[in-house]
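Residue numbers (the numbering used here): 20 to 421.
Quick reminder that beta carbons are idealized off the backbone N, C-alpha and C, glycines included.
Predicted model only: the values in this text are computed from it and were never measured.
Notes follow once the structure below has been shown.
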Ligand code: AMP
């Protein structure tokens with residue numbers, strides 16, 4: 020019998036379930052979809068069979084993740100690629116927080132589940148949902164390896180000098196306070212693809228990766244290993260994001276509580292959900308912000324400028340951290356699509372060897388590409404991220420060798 024080659028990738032949120040089914044013989048996608056509003060009366064499943072191109076939608080209540088996954092399984096069966104197929108090698112799960120413990124993708128057993136659970140205090144929104152996804156998939160296919168792929172794993176190579184905050188280490192260790200970083204699967208994939216684009220081995224290149232989506236993070240990758248990243252204990256630190264403030268003086272929080280009379284929960288909501296681009300100008304979609312900037316909207320212009328200023332600071336900081344930079348790579352929704360952001364982020368950095376060719380920058384596409392002039396000392400690249408493919412690749416590498 021030939022070995023199974025399919026991997027189902029699951030990304031469970033608190034009320035959502037995203038999935039893709041891939042065949043790892045050629046990394047092709049067989050199906051993909053999303054269940055939204057799990058637990059509400061208006062749950063919706065959107066499923067696409069990628070071999071036929073057919074899209075189907077199911078509306079109606081799905082009470083929990085088990086109901087959602089069963090509905091997904093039924094859709095996959097309709098396409099002839101059901102979860103009961105012997106061709107399914109494993110299920111790969113995105114797990115947001117793996118702490119310091121999980122440095123690599125890991126086959127899930129009871130100890131692994133316990134450790135993911137122990138990390139809930141540092142990832143209260145994400146890890147419970149990820150655990151639910153794993154347990155649900157286990158119940159459906161108890162015989163199948165379930166692999167956890169951690170968002171934090173790629174960043175566990177950061178030196179202590181980058182990973183520690185300047186606070187009493189005894190207090191930090193007691194409460195597991197350190198800089199973990201997130202979007203690691205994307206930073207790993209994109210830095211490796213950047214090396215490929217340059218025709219080099221990842222061990223030979225230093226890359227600054229700018230993952231600019233609704234959440235946004237930068238990383239400094241030295242010879243394939245992450246040495247610094249902008250998100251910290253939680254995904255709140257670092258760049259200006261869609262709705263998160265990113266870096267700010269921690270005393271702002273004391274001030275809001277003592278002088279502003281806000282509760283900790285209100286401040287948490289303010290900084291995570293009502294700040295960033297949205298807080299600054301009422302929009303978190305870069306397309307809308309650019310449209311308003313073009314129309315001369317001052318509030319949108321200021322939001323854009325603050326976003327770019329922070330981005331530039333991180334490029335400069337990681338340039339200094341790395342010493343030598345071979346490429347700066349833009350990825351995710353904004354990084355892949357917003358030419359104006361790429362142009363503004365690099366403008367004025369010619370002294371660092373960075374420049375963007377206006378013609379190349381304007382070209383749209385979903386291929387990895389260089390946008391710097393041929394003469395530039397440092398390559399500037401756009402590399403579409405593919406976290407599902409990376410999770411599937413890491414999962415298959417772990418279980419697919421037989
Ligand atoms: P992500 O979190 O990677 O899915 O990125 C989502 C964000 O990408 C959206 O909130 C938009 O701000 C941004 N985005 C998507 N398409 C475009 C585009 N064509 N131009 C500018 N920004 C875009």
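Where residue 29 and residue 38 are concerned, what is the direct C-alpha to C-alpha distance, given to the nearest angstrom? 5 Å
Any chance you could list the beta strand (DSSP E) runs of at least 3 consecutive residues sitting entirely within the region 220-284, in chain order? 225-231, 235-241 and 244-248
By Cβ distance, which residues of its chain are closer than 6 Å to residue 106, with the 5 residues on each side in sequence left out? 23 and 25
What residue range does the alpha helix (DSSP H) around residue 365 cover? For residue 365, the uninterrupted alpha helix (DSSP H) segment begins and ends at 358-365.
Using 10 angstroms around the beta-carbon of residue 257, count the other beta-carbons present and answer buried if the total reaches 16, otherwise exposed. buried
Closest residue to residue 154 among 118, 99, 185 and 86 (Cα-Cα distance): 86
For residue 55, which of helix, strand or coil comes out of DSSP? strand
Report all residues from its chain with a CB closer than 7 Å to the CB of residue 222; omit the five preceding and five following residues, and keep chain order. 242 and 243
In the DSSP assignment, the beta strand (DSSP E) including residue 110 goes from what residue to what residue? It spans 107-114 - the beta strand (DSSP E) in which residue 110 sits, taken as one unbroken run.
Quick one: give me the first and last residue of the beta strand (DSSP E) that residue 166 is part of. 165-169
With a Cβ-Cβ cutoff of 8 Å, do residue 373 and residue 397 count as a contact? Yes.
Is the region 83-101 touching the region 46-53, taking contact as three or more C-beta pairs under 8 Å? Enough Cβ pairs lie closer than 8 Å, so yes.
Whole angstroms are fine: how far does the CA of residue 239 sit from the CA of residue 337? Straight across, the Cα-Cα distance linking residue 337 with residue 239 is about 6 Å.
Those residues which DSSP pairs with residue 67 across a bridge: 51 and 74
Near ligand 1, which residues have their beta-carbon closer than 7 Å to a heavy atom? 232, 233, 234, 261, 303, 304, 305, 306, 309, 351, 352, 353, 356 and 357
Who are residue 30's beta bridge partners in DSSP? 37
Residue 172, enclosing beta strand (DSSP E) - first and last residue: It is not in any beta strand (DSSP E) - residue 172 carries neither H nor E in the DSSP assignment.
DSSP three-state call for residue 395: helix, strand or coil? Residue 395 falls in the coil class under three-state DSSP.
Going by CA-CA distance only, name the one from 64, 395 and 201 that's closest to residue 122. When each option's Cα is compared against that of residue 122, the closest is 201.
Whether residue 347 touches residue 399 by CB criterion (8 Å): Yes, the Cβ-Cβ distance between residue 347 and residue 399 is below 8 Å.
C-alpha distance - residue 181 paired with residue 250, whole-angstrom precision: 11 Å
Below 8 Å between beta carbons: does that hold for residue 229 and residue 350? yes
Would you decide whether residue 21 is buried or exposed? Buried here means 16 or more other CB atoms lie within 10 Å of its CB. exposed
Whose CA, out of 375, 213 and 266, lies closest to the CA of residue 387? 213
So, do the region 101-116 and the region 135-153 have three or more beta carbon pairs nearer to each other than 8 Å? In the pairwise beta carbon analysis, the region 101-116 is classified as touching the region 135-153: at least three pairs are separated by under 8 Å.
Can you tell me whether residue 323 is helix, strand or coil according to DSSP? helix
Between 252, 205 and 177, which has its C-alpha nearest residue 352's C-alpha? Answer by Cα proximity: 205.
Look up residue 401 in the DSSP assignment and give the residues it is bridged to. 349 and 388
On the DSSP letters alone, give me the boundaries of the alpha helix (DSSP H) that residue 295 sits inside. 295-300
Quick test of your reading: residue 102 and residue 41, contact by CB under 8 Å. State the CB separation rounded to the nearest angstrom. Residue 41 and residue 102 do not touch by the CB rule: their CB atoms are close to 14 Å apart, not below 8 Å.
Ends of the alpha helix (DSSP H) at residue 128? From DSSP, residue 128 is part of no alpha helix (DSSP H); its letter is neither H nor E.
Looking at C-alpha atoms only, which residue of 233, 141, 173 and 179 is the closest neighbour of residue 194? 141
Where does residue 437 fall in DSSP's three states? Beyond the ends of the chain as shown, which are 20 and 421, falls residue 437; an answer cannot be given.
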